[in-house]
Amino acid sequence: MISCSGINKPAKYLNKTEKTMIKVNGYEISEKEFDMACAEKKFIFKKKFLEKNEIEETVNVLVDAALMLEVAKKENIEVDPVETEKTISRMKKSFKSEDDFRQALSKTGDTEETIKERVERNLKLRNFVRKKFFDDTHVSDDDIKKYYEQYPERFNKGEEVRASHILFGEADKDIALEIHELLLNGEDFSEHAKTHSQCPSGQNGGDLGFFDRGKMVPEFEQAAFEMETGEISDLVQTQFGYHIIKLTDKRSGGKFELDEIKEQLRQSMENSIVNHKIKKYTDKLRKEAEIVIDTDKLSKKFPA
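All the letters of the sequence shown, read from the start, carry residue numbers 0 to 303 under numbering that gives the first Met the number 0.
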């Protein structure tokens, strides 16, 4: 996802709509979707509340995604129906029965049709970004070595852990306990994260990457740093809800050798290039877009 500062113009404004937060060329972004994006940012930055500029940045992230999705549809970017059905099937299998699955949907206000639409939309956007920006973006070994030698201080090791998590809302403790039991019985953590996590990291199997102390909320940090690699935590309650954490790696001390981080650095550099491409691309799309924002709803998100 790409970040940019401030709400880019031009934009019109909605007044007192019931569910829609933002419209991008008629495409509606719900307040629920907006709140989920804000929740991810709060979790990453260990905040109970977001600053005004961070909320505006979240608006921009969602607008850019909507603009790219619109182009993806026009360019007939395909989504494999088999992949869609497999994703939905994994969701259903994580519940004890069809009844439990439907009850979970009703709690979030979803239906099987809206779930299918969301899965297809996410896959279409992913395929579009890959084709449009990633396929022709390549960083050479020489470029990586040059960067490594130019910024040696960036590759010092500290005590770090790598973890994945599945986030459940405060009202979903029973579901969290059911999923926890399935995970302890050997079911795939990544697939359950993709299906159930209310954090957008769920799309990546719940992977949060490496982090050191001071980066996560205290309860989450304490649990993660006390775990052994491969271990799955009990439910960890934070201000964001209930987490199931899986520790996937640990590292500490010294400096990373180039070979240790070459592919990770390549990915980071390619992501940076792609982010720049997307920013330039979406800025161009915005010039001809009709972006409509519900200012009443948005103003209530700003800190007092």
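Note that beta-carbon positions come from the ideal geometry of N, C-alpha and C, so glycine has one too.
This one's a predicted model, so the numbers in the text were calculated from it and none came from an experiment.
Going by DSSP, Val216 is part of no beta strand (DSSP E) at all; its letter is neither H nor E. Rounded to the nearest angstrom, the Cβ distance from Leu122 to Leu68 is 11 Å, too far for a contact under 8 Å. Residue state for Val291 is assigned as strand, using DSSP reduced to three classes. Residue range 51–73 is occupied by the alpha helix (DSSP H) that includes Met67. With 16 or more neighbouring CB atoms inside 10 Å of its own CB, Arg285 falls in the buried class.
Shown here for Gly253: same chain residues with a beta carbon closer than 8 Å to its own, the five before and five after excluded, namely Asn155, Lys156 in chain order.
Between the alpha carbons of Arg265 and Phe301 lies a gap of roughly 37 Å. Distance from Val160 to Asp248 at the Cβ level is roughly 7 Å; contact confirmed, criterion being Cβ atoms closer than 8 Å.
By the beta-carbon neighbour count (other beta carbons within 10 angstroms, threshold 16), Glu74 is exposed. The C-alpha of Glu269 is placed about 32 Å away from the C-alpha of Lys47. Among the bridge pairs identified by DSSP, Ala162 is matched with Leu246. In terms of CA proximity to Glu220, Ile43 leads the group Thr19, Phe100, Gly25, Ile43.
Residues Met268 of the same chain have their beta carbon placed closer than 8 Å to that of Asp142, with the five preceding and five following residues left out of the count. In the structure shown, Met226 adopts coil according to DSSP, grouped into three states. The beta carbons of Val273 and Thr136 sit about 6 Å from each other, so the pair counts as a contact at 8 Å. With a 10 Å radius around the Cβ and a threshold of 16 neighbouring Cβ atoms, Tyr241 comes out buried. The beta carbon of Tyr146 is closer than 8 Å to those of Leu264, Met268 in its chain, skipping five residues each way along the sequence.
Under DSSP, Tyr241 shares a beta bridge with Phe167, Gln236.
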